[in-house]
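In the UniProt record's numbering, the protein residues as written are 1 to 126.
Cβ atoms here follow ideal geometry from the backbone N, Cα and C, with glycine treated the same way.
These numbers come from a predicted model, not from an experiment.
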Amino acid sequence: MGQESQGADETFIKFIDRLKDTIDKKVECPKAREELLNKLAVSNANAECKRIIRALPLEPEPTIQQMVEACTRLTTTEHMVALGVSKGVAEAFVAQNKQNMRCFKCGELGHLKVECDRLSAETPLH
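In structure tokens, the structure reads:
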């Protein structure tokens, strides 16, 4: 069981499921299984989940359910923030570059041909 560590991109719940399966196969006593699961869940979690678990109250000791909820909630929030930031950066980059782009339809700067609202002489009106 020494190599049962959470992967950097592995969700905490998948890690716990995998860890529990391994413990269930190797340990017969239910009480020992529970204690071992609690200890290994904390010590073998990835750095992000360890940080989250260490922020939970120490008394009483957090349950597996509380650890799973905390890791799921915070990693989801952090993921959404990261997505929002990267989307904002991408939009700003596109907007900045758009100012220097030239339309191949009218020749003006600031928009693309697909966005051009000028009617060309060769575009038939239906």
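For this session: Could you work out which residue in ASP17, HIS111, GLU28 is closest to GLN65 when comparing CA atoms only?
Result: For the purposes of this step, residue 65 is taken as the residue at position 65 of the sequence shown. Comparing Cα-Cα distances from GLN65 to each of ASP17, HIS111, GLU28, the minimum goes to ASP17.
For this session: Return helix, strand or coil for ARG102, following the three-state DSSP convention.
Result: To locate residue 102, count along the sequence shown from 1; it is residue 102. Note: ARG102 maps to strand in three-state DSSP.
Exercise. Do you know how far the Cα of LYS25 is from the Cα of GLU10?
Worked result: Within the sequence shown, numbered from 1, the residue matching residue 10 stands at position 10. Within the sequence shown, numbered from 1, the residue matching residue 25 stands at position 25. If I take the Cα positions, the gap works out to 22 angstroms.
For this session: Name the one or two DSSP bridge partners that LEU109 has.
Result: To locate residue 109, count along the sequence shown from 1; it is residue 109. Paired residue(s): ARG102.
For this session: Following the continuous alpha helix (DSSP H) through ARG54, name the residue where it begins and the one where it ends.
Result: For the purposes of this step, residue 54 is identified with residue 54 of the sequence shown, where counting begins at 1. Start and end: 47-54.
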